[in-house]
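Visitor: Protein chains in written order, with our numbering: chain A, 295 to 381; chain B, 240 to 375.
Encoded as structure tokens, here's the structure I'll be asking about.
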Amino acid sequence: MFNTIDTTKVYTPEQVADLLQLSKNTVYELISRGEIMAKKIGKLYRIPSTSLSFFFTGLDYDLYQADIEDKKPLPVVQEAINQVRAT
Amino acid sequence: MRVFLDSDVVISSLLSNKGAAYILFHTPEITRFISTISFNELRVVCKRLDIQSGLLETLIQKKCSKVIIHEQSVKSTFLKFVSDPNDAHIVAGAAAAKATHLISYNLKHFKKNKIKDDLDMLLMTPAMFLQYLRSN
């Protein structure tokens, strides 16, 4: 299970097919439908890990980032709330 | 769509304008609720975290409705939905608001399945709820 996304990583369609347990043809179909964003370099596709955010985290990449943003100060926030609730 | 917000979501929206809680507060197609008990709690938490109380007041006034709940009814009816009794007022508020969703960052403290079965209410984080909106 992926907890974080390495934004510098790119995948081949074959690797994505393997990761998502799909056929290579399905991955190419998803690329052509725009459901997976990919860059064509010459004749080859490369897929940035951010395009796969939903598959890894259940969240689109922008929402994944927004979630991370909120979670940074969360321990302090929840500690303060717990203290107030306990009084 | 009626959503009830736990206090950690309200505080998160005050701390960052890039987070999911902030986006949730600025999503037009939903009606947001807190309770009178959670509002009092939020005032104290803001003070402890050095958040200007005016920011909280303005946010709630502009973006949220308050449901009135009483301590007595919270303890008698809603303890069964939480693992920490101090969180029971959040479920009580959500039930009073007739919310379809309870939004919290503290999912572990709530009995998700019991809330779903007995109150017909889904428990989610802000980002999960925003993703849900996108897929419907």
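Quick reminder that beta carbons are idealized off the backbone N, C-alpha and C, glycines included.
Remember, it's a predicted structure, so these values are computed and weren't measured experimentally.
Mind checking which residues open and close the beta strand (DSSP E) that includes B:ILE250?
Guide: By one-based count along the second sequence, residue 250 of chain B stands at place 11. Careful: B:ILE250 lies outside any beta strand (DSSP E), inside the alpha helix (DSSP H) at 246-254.
Visitor: Report the rounded CA-to-CA distance for A:LEU314 versus A:PRO369, giving the unit in angstroms.
Guide: Mapped onto the first sequence, residue 314 of chain A falls at position 20. Mapped onto the first sequence, residue 369 of chain A falls at position 75. Distance between the alpha carbons of A:LEU314 and A:PRO369 is about 33 Å.
Visitor: What does the alpha-carbon distance come out to for the pair B:ASN256 and B:ILE262?
Guide: Here the question's residue 256 of chain B lines up with position 17 in the second sequence. Here the question's residue 262 of chain B lines up with position 23 in the second sequence. Distance between the alpha carbons of B:ASN256 and B:ILE262 is about 8 Å.
Visitor: Indicate whether at least one CB of chain A lies closer than 8 Å to the CB of B:ASP326.
Guide: As a first step, residue 326 of chain B is located in the second sequence; it is residue number 87 there, counting from the start. B:ASP326 counts as touching chain A.
Visitor: In terms of DSSP beta bridges, what is A:ILE335 paired with?
Guide: If you number the first sequence from 1, residue 335 of chain A lands on position 41. According to DSSP, which records beta bridges pairwise, A:ILE335 is partnered with A:LEU338.
Visitor: Leaving out five residues on either side along the sequence, give the residues of the same chain with a beta carbon under 8 Å from the beta carbon of B:HIS310.
Guide: As a first step, residue 310 of chain B is located in the second sequence; it is residue number 71 there, counting from the start. Residue 310 of chain B is actually Glu in this sequence, not His. Counting only residues of its own chain and dropping the five nearest sequence neighbours on each side, B:GLU310 has a CB closer than 8 Å to the CB of ILE276 and HIS328.
Visitor: Does the Cβ-Cβ distance between B:SER252 and B:LEU298 come in under 8 Å?
Guide: As a position in the second sequence, residue 252 of chain B is number 13, starting the count at 1. As a position in the second sequence, residue 298 of chain B is number 59, starting the count at 1. Cβ atoms of B:SER252 and B:LEU298: closer than 8 Å.
Visitor: Distance cutoff 8 Å, beta carbons only. Does A:ASP382 sit that close to anything in chain B?
Guide: As displayed, chain A neither begins before 295 nor continues past 381, which places residue 382 of chain A out of reach and without an answer.
Visitor: Count the other C-beta atoms from every protein chain shown that fall within 10 angstroms of the C-beta of B:PHE320, then say buried if there are 16 or more, exposed otherwise.
Guide: Counting from 1 along the second sequence, the entry for residue 320 of chain B is found at position 81. By the neighbour-count rule (16 or more Cβ atoms within 10 Å), B:PHE320 is buried.
Visitor: Could you tell me whether the Cβ of B:ILE342 comes closer than 8 Å to any Cβ of chain A?
Guide: Numbered from its first residue, the second sequence carries residue 342 of chain B at position 103. So no, B:ILE342 is outside the interface.
Visitor: Does the Cβ of A:MET331 have 16 or more other Cβ atoms within 10 Å, making it buried, or fewer, making it exposed?
Guide: Residue numbering aside, residue 331 of chain A sits at position 37 when the first sequence is read from its first letter. That one is exposed.
Visitor: DSSP three-state label for B:HIS328, please.
Guide: The count along the second sequence starts at 1 and reaches residue 328 of chain B at position 89. Three-state DSSP puts B:HIS328 in a helix.
Visitor: Could you give the distance in angstroms between the alpha-carbon of A:GLY352 and the alpha-carbon of B:MET367?
Guide: Taking the first sequence and counting its residues from 1, the one referred to as residue 352 of chain A is at position 58. Taking the second sequence and counting its residues from 1, the one referred to as residue 367 of chain B is at position 128. Spanning the two alpha carbons is a distance of roughly 8 Å.
Visitor: Give the straight-line distance between the Cα atoms of B:ALA336 and B:VAL313, rounded to the nearest whole angstrom.
Guide: Along the second sequence, read from residue 1 onward, the residue named residue 336 of chain B stands at position 97. Along the second sequence, read from residue 1 onward, the residue named residue 313 of chain B stands at position 74. Cα to Cα, the separation comes out at about 14 Å.
Visitor: Which residues mark the beginning and the end of the alpha helix (DSSP H) in which A:SER326 is found?
Guide: Within the first sequence, the letter at position 32 stands for residue 326 of chain A. Here the alpha helix (DSSP H) through A:SER326 covers 318-326.
Visitor: Run through chain A and tell me which residues come within less than 7 Å of B:SER304, C-beta to C-beta.
Guide: As a working mapping, residue 304 of chain B is identified with position 65 in the second sequence. Within chain A, no residue comes near B:SER304; the closest Cβ sits about 21 Å away, beyond 7 Å.
Visitor: Secondary structure at B:ILE354, three-state DSSP: helix, strand or coil?
Guide: Counting from 1 along the second sequence, the entry for residue 354 of chain B is found at position 115. Correct three-state label for B:ILE354: helix.
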